[in-house]
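Scroll down for the structure; my scribbles are underneath it.
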Amino acid sequence: MKIYLLKQNIILRILFIFLLIGCSSSENNDDNGLQEESCTEPNGLHIPVISNTSATLAWGDTNNSRLFNVEYGLRGFVVGNGTRTSVNTISLEITNLTSKTEYDFYVRTNCGGNVFSNWSGPQSFVTD
Numbered sequence: 782m783k784i785y786l787l788k789q790n791i792i793l794r795i796l797f798i799f800l801l802i803g804c805s806s807s808e809n810n811d812d813n814g815l816q817e818e819s820c821t822e823p824n825g826l827h828i829p830v831i832s833n834t835s836a837t838l839a840w841g842d843t844n845n846s847r848l849f850n851v852e853y854g855l856r857g858f859v860v861g862n863g864t865r866t867s868v869n870t871i872s873l874e875i876t877n878l879t880s881k882t883e884y885d886f887y888v889r890t891n892c893g894g895n896v897f898s899n900w901s902g903p904q905s906f907v908t909d
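Here it is as structure tokens:
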């Protein structure tokens, strides 16, 4: 009878530990490694204003106005080889472009702590 009660006691303790572990996790806690999942890429890339030597690049923010990395260059450029800048707005005016030239741009969210979203893009445009 003592062995049976001892086994039951051990089983109950193990179940209690699993219950505690299961109840202590929180999917909304940024400290549990889920921060990257909440760092989503910008959406709706578009160019509301284009001239012969400048363009306004714009996008939607799904992360409540965080910092963004924007990279642009001649159409077909590889990310990492373009002109990169950081902004804390959902648009960027770029200047000193060449008239009648095709360009691409990409945007990603910088969520802090060296955590970034995937790049959105390319979005292409042609200067006037």
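In terms of our numbering, the sequence shown opens at residue 782 and continues consecutively. No residue lacks a Cβ here, since even glycine has one placed at the ideal position from N, Cα and C.
- prompt: Should L848 and N869 be called a contact, given that it needs their Cβ atoms to be closer than 7 Å?
  reply: Taking the first residue of the sequence shown as position 1, residue 848 is located at position 67. Taking the first residue of the sequence shown as position 1, residue 869 is located at position 88. Yes, the Cβ-Cβ distance between L848 and N869 is below 7 Å.
query: Under a Cβ-count criterion, where at least 16 other Cβ atoms within 10 Å of its own Cβ denotes burial, should R865 be classed as buried or exposed?
result: For this step, residue 865 is matched to residue 84 along the sequence shown. With fewer than 16 other Cβ atoms from the protein chains shown falling within 10 Å of its own Cβ, R865 counts as exposed.
task: Taking S867 as the reference, give the member of L855, T882, L838, S832 with the closest Cα.
output: Indexing the sequence shown from 1 puts residue 867 at position 86. Comparing Cα positions, the closest option is L838.
task: Could I get the ranges of all uninterrupted beta strand (DSSP E) runs contained in the segment 804-886, with 3 residues as the minimum, in chain order?
output: 824-831, 836-841, 848-855, 864-868, 872-875
- prompt: Is the beta carbon of T876 less than 7 Å from the beta carbon of S835?
  reply: Position 95 of the sequence shown, counting from 1, holds the residue named residue 876. Position 54 of the sequence shown, counting from 1, holds the residue named residue 835. Note that the C-beta distance between T876 and S835 is below 7 Å.
- prompt: Going by other Cβ atoms of all chains shown within 10 Å of its Cβ, with 16 needed for buried, is E852 buried or exposed?
  reply: As a position in the sequence shown, residue 852 is number 71, starting the count at 1. Buried.
query: Residue range of the beta strand (DSSP E) that S905 falls in?
result: Mapped onto the sequence shown, residue 905 falls at position 124. Per DSSP, S905 belongs to the beta strand (DSSP E) from 901-907.
query: Using CA coordinates, which residue listed in E874, L855, S819 is at the minimum distance from N845?
result: Counted from its first residue, the sequence shown places residue 845 at position 64. Here the closest residue by C-alpha is S819.
Contacts around W900, its chain only, beta-carbon distance under 8 Å, and the 5 residues preceding and following it disregarded: Translated into the one-based positions of the sequence shown, residue 900 becomes position 119. For W900, where only same-chain residues beyond five positions count, the Cβ hits under 8 Å are E822, E852, V860, Y887, V888, R889.
message: Within a Cβ cutoff of 6 Å, which residues of the same chain sit near D812, ignoring the five residues on either side of it in sequence?
response: As a working mapping, residue 812 is identified with position 31 in the sequence shown. Its pLDDT being 38, under 50, D812 is placed unreliably in this model, and the coordinates cannot settle the point.
- prompt: Taking buried to mean at least 16 other C-beta atoms within 10 Å of its own C-beta, is S898 buried or exposed?
  reply: Here residue 898 is taken as the residue at index 117 of the sequence shown, counted from 1. Buried.
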